[in-house]
Amino acid sequence: MTIDPTVDYDIFDPSFIRDPFPVIDQIRESGCPVAHTDRWGASWMPTRYADVVAIAQEHDVFTSRQILVTGPPPGQEPEGPYAAVAAPPISSDPPEHHWHRRLILPFFAPQAVAKFEQGTRDLCNRLIDGFIERGTADSAADYAQQIPVRVIATMLGVPTDLSDTFTGWVRGVLETGLTDQAVRLKARTNILDYFKTQIDDRRRNPREDDLITTLLNSEVDGEKVPEEYVHGVCNLMLVAGVDTTWSSIGASLWHLAQHPEHRRELREQPELWPSAIEELLRAYAPVTMARIVAHDTEFQGCPMHAGERVLMSFPAANRDPRQFERPDEVILDREHNRHVAFGAGIHRCAGSNLARLELRVALQVWLERIPEFELVDPASVTWAGGQVRGPRQCLVKF
Amino acid sequence: MRVRVDDDSCHGHQSCAIACPEVFGADEYGNAVVLITGDIPADLEAKVRRAEGNCPEHAIHIDD
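Quick note, the sequences are listed as chains F and V, same order. So for the first sequence, this note's numbering puts the first residue at 331; every next one is plus one. So for the second sequence, this note's numbering puts the first residue at 48; every next one is plus one.
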């Protein structure tokens, strides 16, 4: 039986996870570009750039009370012992959103993240040292997956030797936990237990030049910020800072493995890097976020009710031919690229400058060390999808 | 050519600074600042137009 994706899409269908764009294109060009499904807790899914951006901008109607793409309705989710801890500012709405975001933005400004470049470069080189003699590697698991977790742990001031543990927890929230609430809650609790310990440690032993200490000492309107806020920021930085950038690095390497002409262009024309990074972010935007409808409304003819979930598929928006010429092609010097890989509006990814830095350094170091490489077997590449899309196993030879 | 950024629309994507770092930078929060508030040198005009065409928030306004 052929299902109609405009009324029954399944973001966890294996073929959708591997390549969602045929279904997304079908929805976008149908008479019903805002699709709906009853699967996975039910959701709406706009597929046109203009609609995704409009929803992102209308934060009063499309709230951030929940941002995961699956799950029970707001208020009914089991949050365990840390019910008061969310993931500010991504889970915040105005007016609190303003200070939730403003306190962390200085850590992520371009001039602030620049100090992580050399360490990231050294890390990438060490990872490649570990497999370059073999002539083969898993560019997703041995390389991409290893980078952002260590950068974000460094930024948070926690030990990088727990990286595999952190990665497991994040996957528990953003991958396996999306279809199994018990798994998600366990992973979330592990993350929050860990950062509670870190926060307690910083209260006893404040550190110089330390993100958690700085946040704990922050004041808003003359009062120290609540601990739940700092706890939630730590939660967000780990959960949002790992899978996402790893997926972007992994998908970009998967692309470059199959496009020798792009490897050559980047080698011969290094001035292409800035636009090339933006183009890879556009074409392989990893993240889909959710919004919760605040009150009954109609959007593009669709009757949306209070409490319903809307998926903001940035990958779908970034492939809309109404906005991008030849959207399925990677054009490294694309002139006009208003991509929304990092979202739009007040929730623009706070870590975008760090993500870009990691993506650029990871690709540059790889191409310096391994200028020529190819997929061992395109059919054996595995992908994760749903909230964050990217390759999870990607064997390459060189 | 002159250029300005609408601070209410800018949400700090930094797409402008990536396309044209000679003219656009960031404040301490990562939001865009215009580094050349007077006339834009002719040899940078194309890059400024590119910056405008890369802003997802349509926050860059060019006065020719």
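All C-beta atoms in this analysis are idealised placements derived from N, C-alpha and C, irrespective of residue type, glycine included. Here the structure is a predicted model, which is why all the values come from computation and not from measurement.
task = Express the C-alpha separation of isoleucine 529 of chain F and threonine 543 of chain F in angstroms, rounding to a whole number.
result = As a first step, residue 543 of chain F is located in the first sequence; it is residue number 213 there, counting from the start. As a first step, residue 529 of chain F is located in the first sequence; it is residue number 199 there, counting from the start. If you take the alpha carbons of threonine 543 of chain F and isoleucine 529 of chain F, they lie about 8 Å apart.
query = Thinking just about the alpha-carbon of each residue, which of F:Asn547, F:Met567 and F:Ala517 is nearest to the one in methionine 485 of chain F?
reply = Counting from 1 along the first sequence, the entry for residue 485 of chain F is found at position 155. Comparing Cα positions, the closest option is F:Met567.
request  = Determine the contact status of tryptophan 374 of chain F and glutamate 638 of chain F, defining contact as a CB-CB distance below 8 Å.
outcome  = Your numbering for residue 374 of chain F matches position 44 in the first sequence. Your numbering for residue 638 of chain F matches position 308 in the first sequence. It is a contact, given that the beta carbons lie within the stated cut-off.
key: Burial state of aspartate 338 of chain F, where buried means 16 or more other Cβ atoms lie within 10 Å   = Along the first sequence, read from residue 1 onward, the residue named residue 338 of chain F stands at position 8. Flag for aspartate 338 of chain F reads exposed.
request  = Note down, in chain order, every chain F residue with its Cβ under 7 Å from the Cβ of glutamate 104 of chain V.
outcome  = One-based indexing of the second sequence puts residue 104 of chain V at position 57. Neighbours of glutamate 104 of chain V on chain F, chain order: Ala674.
key: Exposure of leucine 586 of chain F, with buried meaning 16 or more beta-carbon neighbours within 10 Å   = Locating residue 586 of chain F in the first sequence gives position 256, counting from the first residue. So leucine 586 of chain F ends up on the buried side.
task = Using a Cβ cut-off of 8 Å (strictly closer), state whether arginine 97 of chain V contacts chain F.
result = Along the second sequence, read from residue 1 onward, the residue named residue 97 of chain V stands at position 50. Chain F contact via Cβ: present.
ask   = Quick one: which chain V residues come within Cβ less than 9 Å of arginine 678 of chain F?
value = Here residue 678 of chain F corresponds to residue number 348 of the first sequence, with the count starting at 1. Residues of chain V passing the Cβ test: His58, Gly59, His60, Pro103 and Glu104.
query = Cβ of leucine 687 of chain F within 8 Å of Cβ of phenylalanine 446 of chain F?
reply = For the purposes of this step, residue 687 of chain F is taken as residue 357 along the first sequence, with counting starting at 1. For the purposes of this step, residue 446 of chain F is taken as residue 116 along the first sequence, with counting starting at 1. Yes, the Cβ-Cβ distance between leucine 687 of chain F and phenylalanine 446 of chain F is below 8 Å.
ask   = Quick one: what's got a C-beta closer than 6 Å to alanine 685 of chain F's C-beta in the same chain, skipping five residues either side?
value = Taking the first sequence and counting its residues from 1, one reaches residue 685 of chain F at position 355. Excluding residues within five positions, the ones whose Cβ falls inside 6 Å are Thr575.
request  = Could you tell me which chain F residues have their CB closer than 9 Å to the CB of glutamate 75 of chain V, listed as they occur along the chain?
outcome  = The residue labelled residue 75 of chain V in the question sits at position 28 within the second sequence. The contacting residues are Leu435, Pro436, Ala439, Gln441 and Ala442.
query = Listed in chain order, which residues of the segment 690-723 of chain F have Cβ atoms closer than 7 Å to some Cβ of chain V?
reply = none
request  = Please confirm whether isoleucine 477 of chain F and isoleucine 579 of chain F have their CB atoms less than 8 Å apart.
outcome  = For this step, residue 477 of chain F is matched to residue 147 along the first sequence. For this step, residue 579 of chain F is matched to residue 249 along the first sequence. Result yes, Cβ atoms of isoleucine 477 of chain F and isoleucine 579 of chain F sit closer than 8 Å.
message = Measuring straight from C-alpha to C-alpha, what distance separates methionine 642 of chain F and leucine 508 of chain F?
response = Locating residue 642 of chain F in the first sequence gives position 312, where the first residue counts as 1. Locating residue 508 of chain F in the first sequence gives position 178, where the first residue counts as 1. Going from the Cα of methionine 642 of chain F to the Cα of leucine 508 of chain F covers about 16 Å.
message = Tell me which residues of the segment 655-672 of chain F have at least one Cβ-Cβ distance to chain V shorter than 8 Å, keeping chain order.
response = Contacts with chain V (Cβ-Cβ distance below 8 Å) from the segment 655-672 of chain F involve Glu665, His666, Asn667, Arg668, His669, Val670 and Phe672, listed in chain order.
request  = Give me the Cα-Cα distance between leucine 435 of chain F and proline 419 of chain F, rounded to the nearest whole angstrom.
outcome  = The residue labelled residue 435 of chain F in the question sits at position 105 within the first sequence. The residue labelled residue 419 of chain F in the question sits at position 89 within the first sequence. Distance between the alpha carbons of leucine 435 of chain F and proline 419 of chain F: 10 Å.
task = Quick one: using the 10 Å Cβ neighbour count with 16 as the cut-off for buried, is alanine 750 of chain F buried or exposed?
result = Because chain F here runs from 331 to 728, residue 750 of chain F falls outside it and cannot be looked at.
message = Let me check one thing: in DSSP terms, what residues is histidine 366 of chain F bridge-paired to?
response = Position 36 of the first sequence, counted from the first residue, corresponds to residue 366 of chain F. The partner list for histidine 366 of chain F (beta bridge, DSSP) reads F:Trp374.
request  = Following the continuous beta strand (DSSP E) through glutamine 723 of chain F, name the residue where it begins and the one where it ends.
outcome  = Translated into positions along the first sequence, residue 723 of chain F becomes position 393. 720-723 is the span of the beta strand (DSSP E), which, as asked, contains glutamine 723 of chain F.
ask   = Using a Cβ-Cβ cut-off of 7 Å (strictly less than) and excluding sequence neighbours within five positions of asparagine 520 of chain F, which residues of its own chain qualify?
value = As a position in the first sequence, residue 520 of chain F is number 190, starting the count at 1. Excluding positions up to five away in sequence, the list reads Trp499.
key: Three-state class that DSSP yields for cysteine 564 of chain F in the structure shown   = Residue numbering aside, residue 564 of chain F sits at position 234 when the first sequence is read from its first letter. Of the three classes helix, strand and coil, the one that applies to cysteine 564 of chain F here is helix, per DSSP.
inquiry  = Strictly under 8 Å for the Cβ-Cβ distance: is glutamate 388 of chain F near chain V by that measure?
reply    = Looking up residue 388 of chain F in the first sequence gives position 58. No, glutamate 388 of chain F lies away from the interface with chain V (no Cβ there is under 8 Å from its Cβ).
query = Which chain F residues sit within Cβ distance under 8 Å of alanine 64 of chain V?
reply = Taking the second sequence and counting its residues from 1, the one referred to as residue 64 of chain V is at position 17. Per Cβ cutoff of 8 Å: Pro440.
request  = Note down, in chain order, every chain V residue with its Cβ under 7 Å from the Cβ of arginine 302 of chain F.
outcome  = Absent from the model: residue 302 of chain F. The displayed extent of chain F is 331 to 728, so no value can be given.
request  = Could you list the residues in the segment 596-614 of chain F with a C-beta less than 9 Å from some C-beta on chain V, going in chain order?
outcome  = Listed in sequence order: Pro604, Ser605, Ile607 and Glu608.
query = Once you ignore the five residues that flank asparagine 667 of chain F on each side, which residues in its own chain have a CB closer than 8 Å to its CB?
reply = Looking up residue 667 of chain F in the first sequence gives position 337. Answer for asparagine 667 of chain F: Ser605, Glu608, Glu609, Arg612 and Phe654, listed in chain order.
inquiry  = Would glycine 100 of chain V pass as an interface residue toward chain F - the criterion being a Cβ-Cβ separation below 8 Å?
reply    = Counting from 1 along the second sequence, the entry for residue 100 of chain V is found at position 53. Yes, because at least one Cβ of chain F sits closer than 8 Å to the Cβ of glycine 100 of chain V.
task = Go through its chain and collect everything with a Cβ distance to serine 548 of chain F's Cβ below 6 Å, but skip five positions before and after it.
result = Counting from one through the first sequence, the residue named residue 548 of chain F turns up at place 218. Short of 6 Å from the beta carbon of serine 548 of chain F, and not among the five residues preceding or following it, lie these beta carbons of its own chain, in chain order: Leu433 and Val555.
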